[in-house]
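Protein chains: 4
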Amino acid sequence: MHFQYSGALLPMEKVLRDPIHNYIYIQNKVILDLINTREFQRLRRIRQLGVANMTFHGAEHSRFTHSVGVYEITRRICDLFARNYPQVTPGDGLWNDDERLVALCAALLHDVGHGAYSHTFEHIFHTDHEQMTQKIILDPTTEVNQVLSQVGEDFPTQVASVIAKTYPNPQVVQLISSQIDADRMDYLLRDSYYTGTNYGTFDLTRIMRVMRPYTGGIAFDMSGMHAVEDYLVSRFQMYQQVYFHPVSRSMEVILDHLLRRAKVLFKAGKLTGSFKPELLLPFFTDNFTLSDYLSLDDGVLNTYFTYWRHNPDPILSDLATRFLDRKPLKSVRVTPTTHAIIPTLQDLVAQAGFNPEYYTDTNDSFDLPYDLYDPRSKKPRTQIELMQKDKSLVELSSVSDLVLAITGRTSGDERFFFPKEMRGTSLQGQGEVFAPVYREFMQHIKNDQLIK
Amino acid sequence: MHFQYSGALLPMEKVLRDPIHNYIYIQNKVILDLINTREFQRLRRIRQLGVANMTFHGAEHSRFTHSVGVYEITRRICDLFARNYPQVTPGDGLWNDDERLVALCAALLHDVGHGAYSHTFEHIFHTDHEQMTQKIILDPTTEVNQVLSQVGEDFPTQVASVIAKTYPNPQVVQLISSQIDADRMDYLLRDSYYTGTNYGTFDLTRIMRVMRPYTGGIAFDMSGMHAVEDYLVSRFQMYQQVYFHPVSRSMEVILDHLLRRAKVLFKAGKLTGSFKPELLLPFFTDNFTLSDYLSLDDGVLNTYFTYWRHNPDPILSDLATRFLDRKPLKSVRVTPTTHAIIPTLQDLVAQAGFNPEYYTDTNDSFDLPYDLYDPRSKKPRTQIELMQKDKSLVELSSVSDLVLAITGRTSGDERFFFPKEMRGTSLQGQGEVFAPVYREFMQHIKNDQLIK
Amino acid sequence: MHFQYSGALLPMEKVLRDPIHNYIYIQNKVILDLINTREFQRLRRIRQLGVANMTFHGAEHSRFTHSVGVYEITRRICDLFARNYPQVTPGDGLWNDDERLVALCAALLHDVGHGAYSHTFEHIFHTDHEQMTQKIILDPTTEVNQVLSQVGEDFPTQVASVIAKTYPNPQVVQLISSQIDADRMDYLLRDSYYTGTNYGTFDLTRIMRVMRPYTGGIAFDMSGMHAVEDYLVSRFQMYQQVYFHPVSRSMEVILDHLLRRAKVLFKAGKLTGSFKPELLLPFFTDNFTLSDYLSLDDGVLNTYFTYWRHNPDPILSDLATRFLDRKPLKSVRVTPTTHAIIPTLQDLVAQAGFNPEYYTDTNDSFDLPYDLYDPRSKKPRTQIELMQKDKSLVELSSVSDLVLAITGRTSGDERFFFPKEMRGTSLQGQGEVFAPVYREFMQHIKNDQLIK
Amino acid sequence: MHFQYSGALLPMEKVLRDPIHNYIYIQNKVILDLINTREFQRLRRIRQLGVANMTFHGAEHSRFTHSVGVYEITRRICDLFARNYPQVTPGDGLWNDDERLVALCAALLHDVGHGAYSHTFEHIFHTDHEQMTQKIILDPTTEVNQVLSQVGEDFPTQVASVIAKTYPNPQVVQLISSQIDADRMDYLLRDSYYTGTNYGTFDLTRIMRVMRPYTGGIAFDMSGMHAVEDYLVSRFQMYQQVYFHPVSRSMEVILDHLLRRAKVLFKAGKLTGSFKPELLLPFFTDNFTLSDYLSLDDGVLNTYFTYWRHNPDPILSDLATRFLDRKPLKSVRVTPTTHAIIPTLQDLVAQAGFNPEYYTDTNDSFDLPYDLYDPRSKKPRTQIELMQKDKSLVELSSVSDLVLAITGRTSGDERFFFPKEMRGTSLQGQGEVFAPVYREFMQHIKNDQLIK
């Protein structure tokens, strides 16, 4: 059964036109069928970068485009491995092309469990997209599971175990999930393209060419050291310049508070109004099914926000409006030494008429651009190994000064968010009343920093 | 008043990062304020190409990105005109830079009246995005109108008249709306970029450089003839290859039928189910306000479709599912001579269990890539004029064989759409019963054409 | 013998970084050895576009880069053919992968016979680069021949017959030489890239995907019609905008006259001066060997021009200076009706002190962008055939209006070249004396045309 | 006089099409005239990257293209400065647009003194391109000087002093020459484009936008910190991956030895053969004029090498052939600890029949990617200053970990070059005799390193 269906190459390969990879080549019927499932098509309605398009307006691409991109990179690597490093005897550390299908399916599906406005939603409603991905793969009610099961009874479990990183072959796991995997390579290139920045570009073709399977997973030929270095620096840059952008984070803060407010009102029996957000209710009560989860997407949440613009609760309605009409909060950088000033500032915000619980926040965005393998870590990382001519391995940061500079060091910042009104630049209406409050507030800010 | 606000250049110009124009430069406070209006931000929730992302998955960009792009092209042309062809005396046919602000505002707002799934929605609910654009500009309840009114009492009317093509200065009108205008130039480049095709590329910088204001509007320096020719051919190609793609048109057919079915059910009092699509109801009864119109976006419609998946009406529920899960109809080309076969085919579709009213359709996509000015035409076109060294004008198709080939000739095709099931390729379940019907149906099709 | 060497795949494929194709993949030892021959390396010293860099300064790329590009496109097509259309039985019209090596070698070597400043040189010294290519392949003294002979005694003859279009398999011939071949596809993309224009871009990947071998050669799947159309239009545009640029043609005129003057002086025994252009002498006397031919390159000619700057003959020295220091002639368009004015103009040029034989010229640049097969033609063209689903063929211009517009119609213009001084714009020194002559001359010119 | 000519804006600006900057805009007659000088046109015959095209075949661009690119970047920065930071009162640290012309001329001419195969030529013949640039600007016999003198008697001296970094306004000097100047920004982008690599790309538009004139020269707005960081990393990467490529360095070694051999033979009276390399002779005797220097270009040297292929001296003839036919030496990395092995290896090379003086070499390529200002240094560097909102300055490496990692640390390697034959991979002919020598030689090499 397994071989029959998995062997079912399409009579003629199909292509999807893709701005990043030019074409995406679909050769297996399984892959085509997975793309056509309801759960996978739903990814078209979830933006890859959440609210980042509020800062970089071009970044409106969905998780669908990213997912087929990860599939395509994985497929190309499989082709290169099959041609250049085919397994001769089991255990020789080379590539066993029987692993191709499980790798391709895991690559395609790795993000299928993402929910509407993914990270913010998870924060408020305690969901986890990685677990949801596995659930979608394993639950017999999903079309995804039905397609995978045709390959073999055990096949969904295998695919899910790649996501869970428990699949026995480390090469397959590292293809999908490591510090330099198909997932990261696609999103850097894709997010660069759609934002219109070029920080995330690196030489994908060259990196794929220097990848080499070995017993411990995937290593990189020493000749590609600088290409790998360039990839890591690009990743670092994208985090600093795009993913951690203060305006996007501020819109996330608003979204987070908006959902929290709705939940609080609901629990207090105060989410009134003629309209009932049926599709969200199971999440307010922490009692949702997989089907509930799959009914949501960015557009559904936005639709509820559209209703809430007119909700009697002034905070809910104001936050919904700020979110839909893109009225970001302002922010400044906080350091451990200036953290103590925040309560004072929140006080001033309250004096100016804003509930600080919903109109201020601190948010830290930190990333660990690269790290060594550390078995004591909670999620130990697979370090990047370079293979020399004599097949011995060298860890990357030991030969690259640039990489060493970012190894094991988190980068990013913590920011304090507050209403734009506090800057006191437009003193219309009641603004004048609060002018002294605004002035005092602004005395605590200089050069994008809190000061004492 | 007018000059005070319109003269209000921002102390420091703002930039938006854009993949097509690299940066978009915002220099006037009016423009910044217009972008920040509720009505303009709403464009982020309406896709530029409707359902085209079902064929070209990358094309998920919104009308927001296109609108700021049209603004930017217009701004650059104004800069070039002001530098190279400044008016010396009124009526000399050169550029009067006092027209800049009205041109920029019209450029930015030219699409602000687009509705959710624009063309299909208009078809079913008899709305008109150009009229809505003017309404949004002129209605004192909109934030857009409130911003424009600060420039001058008469300013909204002026901007609206550019959209209506009744503004007295033909240069301003042609910048926004002619056979080679800022609108078309932006969408060709942008749609190319996001679809990942390259058919729509042409040399924008060069075309802008050869544009020249003259008494009759805008002409092009003879030295730029080939650049203009290239633009027209690119536009032709984009229509043939992207905008008229049969799969996108098939998804539009489904969307059209889905909305029609809902309307029919509603009018018949049969749109039952626990859920009420409140935001759509005013349109079912042809009795909607501007505010109703502005509450809709692609996501709201998709949300209703999500509910309708589970509607008791089998046609509504099936069409909603086909739309959300991307199950396109199939299609073949129809010619005047083969048109007569369609009823026979619809009959067969009915025999196979599908209501042909909702599961078949013919749809023609024709475009007139370029045409001469014809005063007898309903919408006479401004023909493209080339200016020679001695300032005399020559119409483009008289000097370009390529352009002549597409002048005044519509291009495109008419197609007949039908359920994929009719191809009889997967005879599972009840499929076998209908095998003879399918066979008969397919005998009418050869080489993507209907045959007798 | 043949199979041993040709089968000698490199243990590890080599790659060359290429701006157009990203990487060029070298898999056969034969190809690597051919690239390393003296005759092929010489192509690095001959510019692909001759003097076009005088107009488009970026276009300084050599025939070397183009040649490896043509090889790479051919290799990719072979890969696609071998995967999708492998021969099952001889004569079935599908691809026989035993043809790969001869195709690759012919692709790589198709331009190896180009000489210094190719077309101009040919014009003056009556050489022919296609014949020289075959000679280099067949002559046992060349390194190219020595490498090819290792594949098989007969192999050089086979490769040369592909160049001569007498090779029995039309698929191989058409890959290298037809109206849409690897040669043209590479040069359009490459020349676009290096000139910095974008007129020559088209969708190479898509065209390669729709190519199909058949008994008569190579056809294109009907689904790729628009991609082929786009290619032809791009080619047309590149001719109009780049290859026929008047300034480049004017520099060619100077080069042509400069070489002619040197030849005339030499034949008259008047090419005096301390320096002897040894490497050119065999060509002055029409008595050169293959080795003489291969000693020349653009730099050698330029070096002689550097010497000739100081030659006692004022015409030779002036033309050399104009060429090296880029002082183009001016030009205007001539039509059959205005041709008769030229002698008058030449007279005026003579009156202004320039020998019209060396300082004026007419030059027509015409191209036939696409044509049908015509057995009566001297060089009958392989027309472009589209293959429908039922495998029947349709000729391209019968289904594309755009192509029909350029089919069988030459395009281009004829121009009359004359010294810039005739425009009388800088009347320094003796200029004033000639002012009346200049004025009379310019009365014959209007809107870039000769007028009566 | 000065103002008349410098004010002479062209009636219509001219444009040059450029692949990097799209168009180069020429607005001043001075600039157009400088481009048309003999000395500047000569740059078309000198490759920007010397022999790097032997590794990256696309990199065949000349110093001409780079020079107009540096001009264009400078022009754009002047435009931005003039618009955003115009001087109000002398000494206010803002931009005085009277400096524009001297800045543009210096930018355009900064490389005009480069000679044929620049660095290698300088090494052998003790020339210095920066001094030659100043000489060309100042010497009244050059066309460059004649054009500049028309602006003002003193103008050539001013332009030359910018090159010499003694010009009083530090903003002008730093535009042309600092750690982030128009020169470096152009060559990184251009060399990336022509090599087809993408390591050198960075966000030029953004960097130009954040540049700010101040009393001490040019600073960068803090908001552009990451863009500057990205530029420095790109520069570092280009050095590691392109400029220091071992194959290019090996071709430089051959060129160096070839010129040295010719000089040695000449001095010993042994440079025989029928042909006299007249244009080189003044350099063999260290007694050359500016005119001698300007007669040389890459093609002239190649022409001499073409003659020397047949020179009776076997070393000269072999090296000329290796250079023209691209037969690079091989190389391995040397460290201070393995340096001592080199004499042993040279001995073995001699045993294998090669004169080690001409067939081996060590060559170190080190670059200091970024450094702080150090007044004690021989050439103190202008450190990169970031300007905060309150106008205070912060040095870049104090806020960027990535930059800190490369600050003040040279990067690169030292390599030992030797004939490919020593690897003993092709034991044809006399090869077998030397097999033991080869074996011994190769025992000293492992993983691209010398080992003991």
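Chains as they are written, first to last, in the numbering used here: chain A, 1 to 452; chain B, 453 to 904; chain C, 905 to 1356; chain D, 1357 to 1808. For glycine and all other residues, C-beta sits at the position ideal for the given N, C-alpha and C.
{"query": "Beta-carbon spacing of Ile24 (chain A), Leu109 (chain A) below 9 Å", "result": "no"}
{"query": "First and last residue of the uninterrupted alpha helix (DSSP H) at Phe985 (chain C)", "result": "967-988"}
{"query": "Where the alpha helix (DSSP H) containing Tyr666 (chain B) begins and where it ends", "result": "Run containing Tyr666 (chain B): none in the alpha helix (DSSP H); it sits in the beta strand (DSSP E), 663-666."}
{"query": "Three-way DSSP call (helix, strand, coil) for Pro923 (chain C) in this model", "result": "coil"}
{"query": "Contacting residues, own chain, Cβ-Cβ under 7 Å from Arg1795 (chain D) (five flanking each side not counted)", "result": "Gly1780"}
{"query": "CB of Leu556 (chain B) within 9 Å of CB of Thr579 (chain B), strictly", "result": "no"}
{"query": "Asp1612 (chain D) and His1479 (chain D) closer than 9 Å at C-beta", "result": "yes"}
{"query": "Chain-ordered residues of the region 919-932 of chain C with a beta carbon less than 8 Å from chain D", "result": "Leu920, Arg921, Asp922, Pro923, Ile924, Asn926"}
{"query": "Phe1640 (chain D): contacting residues in chain C (beta-carbon distance under 9 Å)", "result": "None at all; the shortest Cβ gap to chain C is about 17 Å."}
{"query": "First through last residue of the alpha helix (DSSP H) which encompasses Gly299 (chain A)", "result": "298-308"}
{"query": "Interface residues of chain C facing Thr653 (chain B) [CB-CB closer than 8 Å]", "result": "Asn1102, Thr1105"}
{"query": "CB of Leu848 (chain B) within 9 Å of CB of Phe672 (chain B), strictly", "result": "yes"}
{"query": "Residue environment, Tyr1729 (chain D), which counts as buried when at least 16 other CB atoms sit within 10 Å", "result": "exposed"}
{"query": "Cβ pair Val1157 (chain C), Leu1233 (chain C) closer than 9 Å", "result": "yes"}
{"query": "Min CB distance Asp55 (chain A) to chain C below 9 Å", "result": "Residue identity check: residue 55 (chain A) is Thr in the sequence provided, not Asp. Answer no: the Cβ-Cβ gap between Thr55 (chain A) and chain C never drops below 9 Å."}
{"query": "Presumed contact (8 Å Cβ cut-off) between Phe305 (chain A) and Leu324 (chain A), rounded CB distance", "result": "6 Å"}
{"query": "Proximity winner among D:Ile1697, D:Phe1622, D:Pro1602, relative to Asn1409 (chain D) (alpha-carbon distances)", "result": "D:Pro1602"}
{"query": "Alpha helix (DSSP H) segments (min. 4 residues) lying fully within the region 1739-1803 of chain D", "result": "1757-1762, 1791-1798"}
{"query": "Exposure label - Gly721 (chain B); buried when at least 16 CB within 10 Å", "result": "exposed"}
{"query": "Every unbroken beta strand (DSSP E) inside the region 989-1076 of chain C [3 residues or more]", "result": "none"}
{"query": "Ala1095 (chain C) classed as buried or exposed, judged by whether at least 16 other C-beta atoms fall within 10 angstroms", "result": "This sequence places Asp at residue 1095 (chain C); Ala is not what is there. With 16 or more Cβ atoms within 10 Å of its Cβ, Asp1095 (chain C) is classed as buried."}
{"query": "Whether Glu1770 (chain D) touches Ser966 (chain C) by CB criterion (9 Å)", "result": "no"}
{"query": "Residue range of the beta strand (DSSP E) that includes Ser817 (chain B)", "result": "813-819"}
{"query": "Reduced DSSP category for Ser1154 (chain C) - H, G, I as helix; E, B as strand; rest coil", "result": "helix"}
{"query": "Beta-carbon separation (whole angstroms), Ala772 (chain B) vs Leu723 (chain B), contact threshold 8 Å", "result": "Ala772 (chain B) to Leu723 (chain B), Cβ: 12 Å. No contact."}
{"query": "Cα-Cα separation between Met1 (chain A) and Gly152 (chain A), rounded to whole angstroms", "result": "Annotation note: pLDDT 36 at Met1 (chain A) (below 50); position unreliable, coordinate value reported separately. Going by the C-alpha atoms only, they are around 6 Å apart."}
{"query": "Assigned exposure category for Asp1090 (chain C) - 16 Cβ within 10 Å defines buried", "result": "buried"}
{"query": "Test item: CB-CB of Asp744 (chain B) and Ile498 (chain B) under 9 Å", "result": "no"}
{"query": "CB of Thr1718 (chain D) within 9 Å of CB of Val1690 (chain D), strictly", "result": "yes"}
{"query": "Chain-ordered chain B contacts of Ser118 (chain A) [CB-CB under 7 Å]", "result": "Within 7 Å Cβ-Cβ: nothing; Ser118 (chain A) doesn't reach chain B, min ~16 Å."}
{"query": "Cross-chain neighbours of His1348 (chain C) in chain B, by beta carbon under 9 Å", "result": "None at all; the shortest Cβ gap to chain B is about 14 Å."}
{"query": "C-beta neighbour in chain A for Tyr645 (chain B), strict 9 Å", "result": "yes"}
{"query": "Top-ranked residue by Cα proximity to Gly200 (chain A), from A:Gln240, A:Pro213, A:Asn169", "result": "A:Gln240"}
{"query": "Chain C residues whose Cβ lies nearer than 8 Å to that of Thr205 (chain A)", "result": "Asn926, Tyr927"}
{"query": "Minimum Cβ-Cβ distance from Val300 (chain A) to chain D less than 9 Å", "result": "no"}
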